[in-house]
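This report concerns only the one structure given below.
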Amino acid sequence: MPFSGLAAAALLLLLLSMANSTIACLEQEKSSLLQFLAALSHDNGIAMSWRNGMDCCAWEGITCSEDGAIIEVSLASKGLEGQISPSLGELRSLLYLNLSYNLLSGGLPKELMSSGSIIILDVSFNRLNGDLQELNSSVSDQPLQVLNISSNRFTEEFPSTTWEKMRSLVAINASNNSFTGQIPFSFCTGLPSFAMLDVSYNQFSGNIPPGIGKCTALKMLKAGHNNISGALPDDLFHATSLECLSFPNNDLQGTIDGVLMIKLSNLVFLDLAWNRFSGTIPDSIGKLKRLQEFHMNDNNISGELPSSLGDCTNVVTINLENNKLEGELSKVNFSNLHNLQALGLSSNYFTGKIPDSIYSCSNLTWLRLSRNKLQGQLTEKLENLKSLTFVSLSYNNFTNITGSLHILKCLRNLTTLLIGSNFIHEAMPEDKTIDGFENLHGLAINNCALTGKIPSWLSKLKKLELLLLHNNQLSGPIPTWINSLNFLKYIDLSNNSLIGEIPTALMEMPMLKSDKIEYHPDGPRVSPFTIYVGVSLCFQYRAASAFPKMLNLGNNKLSGLIPVEIGQLKALLSLNLSFNNLLGEIPQSISDIKNLMGLDLSSNHLTGAIPSALVNLHFLSEFNVSYNDLQGPVPIGGQFSTFPSSNFAGNLKLCSPMLVQHCNLAEAAPTSPISTKQYIDKVVFAIAFVFSSGFHLARPNSVAPGTAGGTPQESLALDVLVNFS
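Numbering-wise (our numbering), the sequence shown opens with residue 276 and increments by one.
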């Protein structure tokens, strides 16, 4: 039967492909690859793949042209270790080299930078170090278009003359290294296609040098997280093709020239946060019609918001937090900002009420207006913002908490609600009709001096992870339903007037009993803005899952014994029971909470000895049992050698070499059996854990129950200070 035309064509293609596959790679290029392989200390199985076949065009990660020349080496994320051999520079037809996401070390061979064929070179996310050497003056024009050396360990000054030999250069990503000196802009001369430069997260210093205005094709310029100082040069505004301008976390200062800003009409992303800019936001901001993200938080910007901000109709994110802005928000017509999703105006001096125009931003998901001077009551128009997941209105002068909660409960997507330091001296609503917060992960109604009891409607919040009700005037017992909140891990009920015994229900909290990584049905919620933590707001979190597991019942009127079941809370990092009326002995079971970093039992009526087993809490960095009725020797060894004598004061029957009362031979405390080396290793690990997690242990000033802000007392109460805003 004769072949059809379609079958004949298919057979022809098959024969052609078979013919191509028989073309072996060049022997010289095969040798270059084997030299590269030999320079690796760990190839993660690549050697076996390569040595099984004679034709290197069939090797893993290798692509050849039809004539057998190697045009691509792609070995990303292969677990390669060792140095990059200069032999790869001998592959005369190599166009693409990708060695990213490995563990390669040593320098970047200059043979790759001076290659006469490579157009894309990606060695990002390795451990390459040393400096990038300038190319020899005799090297002719190079075809390199894209260079990605980000996330390595390169040092010294960035090359300056090298780029003049790369007239086809389009993009450089050198972020997350340790380059020093000034940022060179020599690549702006004679490089008509140069469009992207990212040198963020380095150690560049000095002013922004002149010449950037000559980069007529430059679309992205990112130099954040360096030590760059001075003002934005006028020359910068001549780079009119810029779509992304990002210089956060430097030492830039001066004002933003409104006339020059108009020239950057193509800007889509503008980030000048964490600098020292002053003056006002220019009215010309409204001319940036393409602007989608606007970050100028943490500067010294003053004055009112320009009404023209309402003309940035494509804006998605506005972050102007931590400035000196003032006036009423109603000056801006937010109703034109239909694409707005995140609005951060906290820590300024705004006054008046929340303008009605904000309630027209139907796509708004994050709203933070905390730490201002806003006042009045929330209106039912807030219910229009159905997409809201994060709301922070804390530290203002809002009133009517009952009405506010009935409005906010209509926001069914809400996961974080921070409304503390408002509603001063009002009553905590116990209305059982308050519901609708079924997706809430974090709730803060702290520092309000609210009266009443812990309301039963909180028991409906089955996804709650963080609960902050501290610094109120709440009374009555801790409700037993609290153990039904299966995801609750951060509990602060301190500085109230709660009574009764510590309920055993608290000892049954699933998230406090297990130190395993918790599973949440909705997954982690990551904030576009940071949540500031600590006395000086120096620690930051972006997700509820990152917060430490904590139980703070300090400064209440709790009585009875500390439940022996407290040892079940093996996941706790901080436990504060200070300033109560607790009796009896310190349960030895506390020594079962192996990850405990802070324990404060001060200012109670505890008796008996300090359990010697507590020396086995090797992560314990804060311990306070002052002003009790404890007796006997203070345990010796472990972390106890680091605690000051003031943390044991007010216990007249305690004895220790560091206290006024010394122990006799019969009273001497047993020492910990742990070896010195084990002790040092565990302490080093604990310190590393504190810094890596952003967990901040501090001694706060105690706040008397019944006060909104509280008056300082001489308290050594241990706490994890969280300023939710």
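Positions of the beta carbon are idealized from the N, C-alpha and C atoms, including for glycine.
According to DSSP, simplified to helix, strand and coil, what is residue i?
i	result
residue 356	strand
residue 634	helix
residue 1000	coil
residue 503	strand
residue 431	coil
residue 402	strand
residue 893	coil
residue 816	With a pLDDT of only 48 at residue 816, under 50, the local geometry of the prediction cannot be trusted, and no value is derived from it.
residue 949	Confidence at residue 949 is low in this model, with a pLDDT of 40, below 50, so the placement of that residue is unreliable and no value is reported for it.
residue 344	coil
residue 327	coil
residue 856	strand
residue 335	coil
residue 937	coil
residue 478	coil
residue 310	helix
residue 613	coil
residue 903	coil
residue 930	strand
residue 510	helix
residue 619	strand
residue 923	helix
residue 603	strand
residue 421	strand
residue 536	helix
residue 489	helix
Less than 8 angstroms between the beta carbons of residue i and residue j, yes or no?
i	j	result
residue 604	residue 630	yes
residue 1000	residue 443	no
residue 868	residue 852	no
residue 620	residue 590	no
residue 737	residue 761	yes
residue 873	residue 905	no
residue 740	residue 763	yes
residue 888	residue 870	no
residue 672	residue 688	no
residue 694	residue 720	yes
residue 886	residue 901	no
residue 745	residue 855	no
residue 503	residue 480	yes
residue 568	residue 530	no
residue 879	residue 903	yes
residue 395	residue 421	yes
residue 1078	residue 639	Only positions 276 to 1000 of the chain appear in this structure, which leaves residue 1078 out of reach.
residue 626	residue 648	yes
residue 576	residue 542	no
residue 574	residue 598	yes
residue 331	residue 308	yes
residue 1001	residue 570	Residue 1001 lies beyond the stretch modelled for the chain, which goes from 276 to 1000, so this question has no answer here.
residue 877	residue 839	no
residue 742	residue 771	no
residue 366	residue 409	no
residue 474	residue 514	no
residue 430	residue 456	no
residue 642	residue 680	no
residue 652	residue 623	no
residue 559	residue 533	yes
Measure how close the beta-carbons of residue i and residue j come, nearest whole angstrom, since I'm counting them as under 8 angstroms.
i	j	result
residue 506	residue 478	The pair is not a contact, with the Cβ atoms about 21 angstroms apart (cut-off 8 angstroms).
residue 523	residue 549	5 angstroms
residue 636	residue 609	6 angstroms
residue 775	residue 833	7 angstroms
residue 907	residue 881	Contact flag wrong, Cβ pair sits at about 12 angstroms.
_Within the stretch 725-770, ranges of the beta strand (DSSP E) (whole runs, at least 3 residues)_ = With a minimum length of 3 residues, the unbroken runs of beta strand (DSSP E) contained wholly in the stretch 725-770 fall at 741-743, 765-767.
_Segments assigned beta strand (DSSP E), at least 3 residues, entirely inside the stretch 541-576_ = 544-546, 568-570
*Counting only runs of 3+ residues fully inside the stretch 636-718, write out the beta strand (DSSP E) ranges in chain order.*
Scanning the stretch 636-718 from its first residue to its last, the whole beta strand (DSSP E) runs of 3-plus residues come out as 641-643, 648-651, 665-667, 691-693.
*Secondary structure, alpha helix (DSSP H): runs of 4+ residues fully inside the stretch 361-400*: Entirely contained in the stretch 361-400, the alpha helix (DSSP H) runs reaching 4 residues are, in chain order, 385-388.
_Quick check: the stretch 342-352 against the stretch 365-378, are at least 3 beta-carbon pairs closer than 8 angstroms?_
Enough Cβ pairs lie closer than 8 angstroms, so yes.
*Does the stretch 750-761 come within contact of the stretch 715-724, defined as at least 3 CB pairs closer than 8 angstroms?*
no
*Kindly confirm or deny that the stretch 378-388 and the stretch 330-342 touch, where touching means at least three C-beta pairs closer than 8 angstroms.*
no
*Complete beta strand (DSSP E) runs within the stretch 827-871 (minimum length 3 residues, chain order)*: Runs of the beta strand (DSSP E) inside the stretch 827-871: 832-836, 849-851, 856-858.
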